[in-house]
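As numbered in full-length UniProt numbering, residues 1 to 269 make up the sequence shown, in order. Reading through the structure tokens given below for one structure.
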Amino acid sequence: MGSAISSFDLACWRGAVPRMSVAHTHDDLEFNTAPVDLEYLIDGRQVVIPAGALAVFWAARPHQLVRDSGESALAWLTVPLAQARGWRLPGAFLARMFAGEIAVAGTAVGPLALADRVESWSDELAAAHPLRRAAVGEVQAFVLRAAHAVAPAAPAGRAGGGLRADVADMAAWIARHAAEDISVADVAAQVHLHPHHAMSVFRAALGVTVGEYLAQCRIARARELLLMTDAGIPDIAASAGFGSLSQFYARFREHTGEAPAAYRRRHGG
Numbered sequence: 001m002g003s004a005i006s007s008f009d010l011a012c013w014r015g016a017v018p019r020m021s022v023a024h025t026h027d028d029l030e031f032n033t034a035p036v037d038l039e040y041l042i043d044g045r046q047v048v049i050p051a052g053a054l055a056v057f058w059a060a061r062p063h064q065l066v067r068d069s070g071e072s073a074l075a076w077l078t079v080p081l082a083q084a085r086g087w088r089l090p091g092a093f094l095a096r097m098f099a100g101e102i103a104v105a106g107t108a109v110g111p112l113a114l115a116d117r118v119e120s121w122s123d124e125l126a127a128a129h130p131l132r133r134a135a136v137g138e139v140q141a142f143v144l145r146a147a148h149a150v151a152p153a154a155p156a157g158r159a160g161g162g163l164r165a166d167v168a169d170m171a172a173w174i175a176r177h178a179a180e181d182i183s184v185a186d187v188a189a190q191v192h193l194h195p196h197h198a199m200s201v202f203r204a205a206l207g208v209t210v211g212e213y214l215a216q217c218r219i220a221r222a223r224e225l226l227l228m229t230d231a232g233i234p235d236i237a238a239s240a241g242f243g244s245l246s247q248f249y250a251r252f253r254e255h256t257g258e259a260p261a262a263y264r265r266r267h268g269g
């Protein structure tokens with residue numbers, strides 16, 4: 001799954017998942033749960049979603065599963081942001097999503113038992129299925145319940161063996177400094193590596209170059225500003241770290257498939 005995908009649509013799936021070879025983004029709310037700990041790199045942060053918990057985050061933030069689920073099945077649900085915004089979700093919940101939080105309900109049981117619903121929803125959400133409308137209503141109710149149930153954030157920074165420490169440190173530094181004029185040499189210096197070696201180990205671990213990951217972080221910030229502020233497009237481009245307006249437009253369209261103003265209008269901003 002590459003970073004150019006704009007959305008996975010309203011969809012769900014359940015099964016064993018290998019570590020993701022590429023850090024990627026898509027414009028959905030992503031819900032997932034598994035019977036084992038899930039180790040992610042999300043927006044430059046190492047995050048462990050505890051076994052049995054239900055987690056949700058805005059997948060426009062660069063993210064990657066860095067340790068496979070073994071033989072255990074991960075259940076996930078994606079809801080396009082434009083659709084979710086029409087479901088009158090709590091404003092505080094959406095603000096937390098746009099800010100890059102990973103929200104967690106302690107246990108995915110009862111009304112939040114995503115794994116129990118995936119099998120029927122995965123079939124019924126198909127466009128031509130006679131029960132699609134009913135399934136969409138059930139998903140909407142599930143999402144509303146989850147939005148009211150989740151705690152502030154998933155535990156972060158817990159030790160994990162799925163990602164090299166120097167790569168995790170580089171990704172975290174890039175995410176923190178994405179709005180600045182930074183170079184590969186600046187990133188490499190944070191972990192005391194030669195720039196060429198830093199580029200090599202980063203791409204081998206995350207499937208994208210340092211420059212591509214930096215662009216993902218900047219686009220995520222631009223999306224947040226487009227939805228949460230009334231700032232003009234040139235100001236947003238500058239605040240997100242783009243050196244020119246033309247570069248911003250090109251990168252934004254590459255990642256989302258549309259211009260910034262169209263993105264803002266589609267989401268009611």
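Beta carbons are placed, not taken as given, at the ideal position from N, Cα and C, and that holds for glycine. Since the model is a prediction, treat every value here as computed from it, not as a measurement.
By how many angstroms is the C-alpha of residue j removed from the C-alpha of residue i?
i: V184; j: C217; result: 15 Å
i: V22; j: V66; result: 10 Å
i: A172; j: P18; result: 23 Å
i: I182; j: L193; result: 16 Å
i: A137; j: L94; result: For the record, residue 137 in the displayed sequence is Gly; it is not Ala. So the two alpha carbons sit approximately 20 Å from each other.
i: H26; j: Y40; result: 16 Å
i: L77; j: G100; result: 18 Å
i: A11; j: A135; result: 11 Å
i: G257; j: A250; result: 10 Å
i: A107; j: R145; result: Correcting the residue type first, residue 107 is Thr in the shown sequence and not Ala. Taking the straight line joining both Cα atoms gives about 13 Å.
When the Cα of residue i is compared with those of the options, which residue comes out closest?
i: R117; options: G52, V139, R132; result: V139
i: W58; options: H24, R88, E39; result: H24
i: P152; options: I49, C12, P18, S7; result: I49
i: F142; options: Q64, A51, V79, D37; result: V79
i: V56; options: Q83, A149, W121; result: A149
i: I42; options: I174, W121, P234; result: I174
i: G44; options: R253, G110, A60, V109; result: A60
i: E180; options: G162, G243, A75, A259; result: G243
i: M20; options: D166, D9, G91, G70; result: G70
Counting only the same chain and skipping the five closest in sequence on each side, list residues whose C-beta sits under 7 Å from that of residue i.
i: G268; result: R85
i: A126; result: R132
i: A178; result: L214, C217, R218, R221, G241
i: R253; result: A259
Which residues in the same chain as residue i place their Cβ atom closer than 8 Å to its Cβ, once the five residues preceding and following it in sequence are excluded?
i: M170; result: V187, A188, Q190, V191, A198, F202, V210
i: A159; result: Low confidence applies here, because A159 scores a pLDDT of 49, under 50, leaving its location unreliable; read the following figure in that light. Nothing meets the Cβ criterion.
i: L227; result: F98, R264, H267, G269
i: A168; result: L41, Q46
What is the DSSP secondary structure of residue i, counted as helix, strand or coil?
i: T78; result: strand
i: D235; result: helix
i: R203; result: helix
i: residue 281; result: Outside the modelled stretch of the chain, which goes from 1 to 269, sits residue 281, for which no answer is possible.
i: I219; result: helix
i: residue 299; result: The requested residue 299 does not occur in the structure, where the chain is confined to residues 1 to 269.
i: W87; result: coil
i: L29; result: strand
i: R176; result: helix
i: V167; result: helix
i: F57; result: strand
i: residue 350; result: Nothing about residue 350 can be reported from this structure: the residues present for the chain run from 1 to 269 only.
i: A159; result: The predicted model places A159 with a pLDDT of 49, which falls under 50 and marks its position as unreliable; any figure quoted below should be read in that light. Residue state, collapsed to three classes: coil.
i: A188; result: helix
i: G15; result: strand
i: A108; result: coil
i: L193; result: coil
Heavy atom of the ligand ATP less than 7 Å from the Cβ of residue i, yes or no?
i: P130; result: Because no ligand of any kind appears in the structure shown, any question about the ligand ATP cannot be addressed here.
Run the CB neighbour count on residue i, radius 10 Å, all protein chains shown included, and call it buried at 16 or more, exposed below.
i: A261; result: exposed
i: T229; result: exposed
i: R176; result: exposed
i: S200; result: exposed
Keeping to the same chain, check which residues put their C-beta closer than 6 Å to that of residue i; ignore five residues upstream and five downstream.
i: A237; result: L245, F248
i: L89; result: A147
i: A105; result: L54, L112, A149, V150
i: R164; result: A205
i: W121; result: C12, A135
Does any CB atom of chain B fall closer than 8 Å to the CB of residue i?
i: R88; result: Judged by its chain identifiers, the structure shown contains no chain B, having just a single protein chain.
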